[in-house]
Amino acid sequence: KQEVTQIPAALSVPEGENLVLNCSFTDSAIYNLQWFRQDPGKGLTSLLLIQSSQREQTSGRLNASLDKSSGRSTLYIAASQPGDSATYLCAVKDNYGQNFVFGPGTRLSVLP
Amino acid sequence: GAGVSQSPSNKVTEKGKDVELRCDPISGHTALYWYRQRLGQGLEFLIYFQGNSAPDKSGLPSDRFSAERTGESVSTLTIQRTQQEDSAVYLCASSLGRRARGTEAFFGQGTRLTVV
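Keeping their order, the protein sequence lines are chains W and G.
Under the working numbering, the first residue of the first sequence is numbered 297, with each subsequent residue one higher.
Under the working numbering, the first residue of the second sequence is numbered 34, with each subsequent residue one higher.
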């Protein structure tokens with residue numbers, strides 16, 4: 297059974313710092329991995345999707361990498377801003393089922 | 034539509050009543066997912082639809098929960114005889130589906146259900 301973990305559980309940084317969020321999964325037979333952000337009381341906003349054949353994806357100040365063999369993905373946020381404060385979730389879709397398995401999230405606070 | 038739409042956005046119901054939650058996926062998306070998120074916890078998979086059929090119902094927590102989808106569009110999640118433990122945000126997502134399994138999932142804003 298696929299399990300997804302995220303480290304750290306919470307992170308507080310001053311504005312302007314570059315930071316890395318980590319996601320690990322137990323079964324490397326994944327189809328894709330997706331990063332989301334969730335603001336308090338809101339739904340999920342898709343940030344980046346990485347196919348299993350890809351190593352990384354970039355969107356603006358965000359860069360996500362995937363190392364399938366080691367079961368890891370990282371989300372790099374450059375020059376963090378207070379507006380980046382949210383919970384960041386990673387989710388994997390494996391080759392066996394059709395649903396996404398989510399990690400517990402990293403709660404990020406960027407202080408002005 | 035432009036995005037995944039869920040209604041109602043908030044629902045307060047008395048214990049023992051039935052509730053229906055609605056999800057309108059993005060037009061053309063054949064895959065539809067329901068998730069539950071209890072306060073302070075992660076997302077819990079409930080059910081997945083491909084078209085109008087549900088090949089994976091493994092996440093439904095009890096027989097009080099059911100879901101259907103019609104016209105490869107709208108889906109309703111029904112909870113019968115609600116219990117306080119059913120209080121959560123219910124999230125719906127859609128994606129292009131089987132023909133493009135690698136595509137992104139897009140989520141609605143959720144329905145916050147409170148059972149009193």
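Yeah, the Cβ is synthetic: ideal placement off N, Cα and C, and Gly gets one too.
Values in this document were obtained by computation on a predicted structure and should not be read as measured data.
CB-CB length for residue i against residue j, believed under 8 Å
i              : j              : result
L329 (chain W) : L371 (chain W) : With a Cβ gap of about 10 Å, L329 (chain W) and L371 (chain W) do not count as contacting.
G339 (chain W) : F78 (chain G)  : About 16 Å separates the two Cβ atoms, so there is no contact after all.
A35 (chain G)  : W67 (chain G)  : With a Cβ gap of about 20 Å, A35 (chain G) and W67 (chain G) do not count as contacting.
S106 (chain G) : C125 (chain G) : Not a contact, Cβ separation roughly 12 Å.
Residue i versus residue j - alpha carbon distance
i              : j              : result
D153 (chain G) : S376 (chain W) : Outside the shown range of chain G, which is 34 to 149, sits residue 153 (chain G), and nothing can be said about it.
G358 (chain W) : D380 (chain W) : Per the sequence shown, residue 358 (chain W) should be read as Leu rather than Gly. Approximately 11 Å, taken between the alpha carbons.
S312 (chain W) : Q142 (chain G) : Sequence check: residue 312 (chain W) is Gly here, not Ser. Cα to Cα, G312 (chain W) sits roughly 29 Å from Q142 (chain G).
I112 (chain G) : G104 (chain G) : 21 Å
R114 (chain G) : V388 (chain W) : 33 Å
I373 (chain W) : L404 (chain W) : 11 Å
C56 (chain G)  : I346 (chain W) : 26 Å
V309 (chain W) : L315 (chain W) : 8 Å
D96 (chain G)  : L129 (chain G) : 29 Å
K44 (chain G)  : Q117 (chain G) : 13 Å
V148 (chain G) : K48 (chain G)  : 6 Å
A306 (chain W) : S40 (chain G)  : 31 Å
T46 (chain G)  : K90 (chain G)  : 25 Å
S369 (chain W) : G401 (chain W) : 13 Å
S348 (chain W) : I326 (chain W) : 6 Å
D27 (chain G)  : L146 (chain G) : Nothing about residue 27 (chain G) can be read from this structure; chain G reaches only from 34 to 149.
R333 (chain W) : Y384 (chain W) : 4 Å
S366 (chain W) : C319 (chain W) : 11 Å
E352 (chain W) : R102 (chain G) : 35 Å
L93 (chain G)  : Q74 (chain G)  : 17 Å
K364 (chain W) : L54 (chain G)  : 37 Å
V386 (chain W) : L343 (chain W) : At residue 386 (chain W) the sequence reads Cys, which differs from the Val that was named. Taking the straight line from one Cα to the other gives about 10 Å.
Within-8 Å CB hit, residue i to chain G
i              : result
G339 (chain W) : yes
V359 (chain W) : Note that residue 359 (chain W) corresponds to Asn in the displayed sequence, not to Val. Answer no: the Cβ-Cβ gap between N359 (chain W) and chain G never drops below 8 Å.
L307 (chain W) : no
L345 (chain W) : yes
G401 (chain W) : yes
T314 (chain W) : For clarity, residue 314 (chain W) is Asn in the given sequence; the question names Thr instead. No - not a single Cβ of chain G is within 8 Å of the one on N314 (chain W).
S369 (chain W) : no
G398 (chain W) : According to the sequence as given, residue 398 (chain W) is Phe; it is not Gly. Interface residue, yes.
Q330 (chain W) : yes
N318 (chain W) : no
CB contact check: residue i to chain W, cutoff 8 Å
i              : result
P41 (chain G)  : no
F140 (chain G) : yes
A64 (chain G)  : yes
P94 (chain G)  : no
L124 (chain G) : yes
L54 (chain G)  : no
F78 (chain G)  : yes
E137 (chain G) : yes
Taking 8 Å as the threshold, find out whether the stretch 59-69 of chain G comes into contact with the stretch 80-90 of chain G through three or more Cβ pairs.
-> yes
Per the contact definition of three or more C-beta pairs closer than 8 Å, is the stretch 299-310 of chain W in contact with the stretch 387-397 of chain W?
-> yes
Could you name each continuous beta strand (DSSP E) segment of 3 residues or more that falls completely within the stretch 113-143 of chain G, going from the start of the chain to the end?
-> 121-128
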